[in-house]
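Novice:
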Amino acid sequence: MELVIECSFRLTTGSFDHHDQIRPYAVLDLFQEVAGTHAEILNIGFQALYNQDIIWVLARNKYIVERAIPVSSNIKVKTWPHPNGRFDFIRDYEIYDEQGNLCIRGTSKWCLVNYKKMRIVPTTYAKIEGDFYHHEAIPGPVDKIPYEKDESFKLVDTHIVQVSDLDHNGHMNNAKYAELLINVLNLKKEEEIISVEFDYLEQLFLHDKIVLCLKRDEKEAILIGEKDHKACFVSRCKWK
833 MELVIECSFR
843 LTTGSFDHHD
853 QIRPYAVLDL
863 FQEVAGTHAE
873 ILNIGFQALY
883 NQDIIWVLAR
893 NKYIVERAIP
903 VSSNIKVKTW
913 PHPNGRFDFI
923 RDYEIYDEQG
933 NLCIRGTSKW
943 CLVNYKKMRI
953 VPTTYAKIEG
963 DFYHHEAIPG
973 PVDKIPYEKD
983 ESFKLVDTHI
993 VQVSDLDHNG
1003 HMNNAKYAEL
1013 LINVLNLKKE
1023 EEIISVEFDY
1033 LEQLFLHDKI
1043 VLCLKRDEKE
1053 AILIGEKDHK
1063 ACFVSRCKWK
């Protein structure tokens, strides 16, 4: 069995922003939806691992926009895992429009965490069997965002983690971080996003306070989220 699946979705107006561009939250939400569906098919889904005191934790997300997706349209999302490393899994994604055009390419890095001991465990706890689909949606290594915190970063906002931010693991949903990014950027209609990436450094829980520090130039921004003066996530966004 080749380890790739394709899922169909109907996007609603809620998936798009006030400029009729697909929201980063919607893209990342689609990624985690198909990743979860595929994990269930491969018998390494939420409940199967939770019974072993283990949960999936996302360490990194990145996507590149190739072309715009029309509002309220039908799309197809393809996803596949790569052969696991010792402590991480790479999973890729592609989103196609109704005409079969490639619109978005994405990649992610996942790890397994024993939620009782709060430590990463080897990938052998989630064995993937089958024929791997050897294609990289975004060629090259899944590297962290390079940055150095200096005076060019300005405090732009704070956020208290709300109940509506949480996922079924009880921590802040990975897609929700994208809302923090978009709110502080407030891009203009002509500033179309071409790439978004996140490094998730620390899990966030209900009522945690996040301090948001932004460094921005004409076509790119880096956002650092800090909890107790320590970075809990880093994001980078580029636009036309």
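Everything in the sequence shown is counted per the numbering used here, starting at 833 for the first residue and increasing by one.
Yeah, the Cβ is synthetic: ideal placement off N, Cα and C, and Gly gets one too.
From a predicted model like this one, the values you see are computed outputs, not experimental measurements.
1. What three-state label does DSSP hand TYR979 in the structure shown?
2. I need the straight-line Cα distance from THR990 to ASN916, nearest angstrom please.
3. Does the segment 849 to 858 come into contact with the segment 1007 to 1027, if we say contact requires no fewer than three beta-carbon pairs (one atom in each stretch) closer than 8 angstroms?
4. Taking 8 angstroms as the threshold (beta carbon to beta carbon), is VAL909 in contact with chain B?
5. May I ask you to report which of helix, strand or coil DSSP gives ASP885?
6. Look up PRO913 in the DSSP assignment and give the residues it is bridged to.
7. How many angstroms separate the CA atom of ASN875 from the CA atom of LYS959?
8. Is there contact between the segment 1030 to 1043 and the segment 911 to 929, where contact requires at least three CB pairs shorter than 8 angstroms?
9. Does DSSP classify PHE1065 as helix, strand or coil?
10. Classify HIS1003: buried if its beta carbon has 16 or more other beta carbons within 10 angstroms, exposed otherwise.
Specialist: Once the coordinates are examined:
1. coil
2. 36 angstroms
3. yes
4. No chain B appears in the structure shown, which is made up of a single protein chain.
5. coil
6. ARG923
7. 9 angstroms
8. no
9. strand
10. buried
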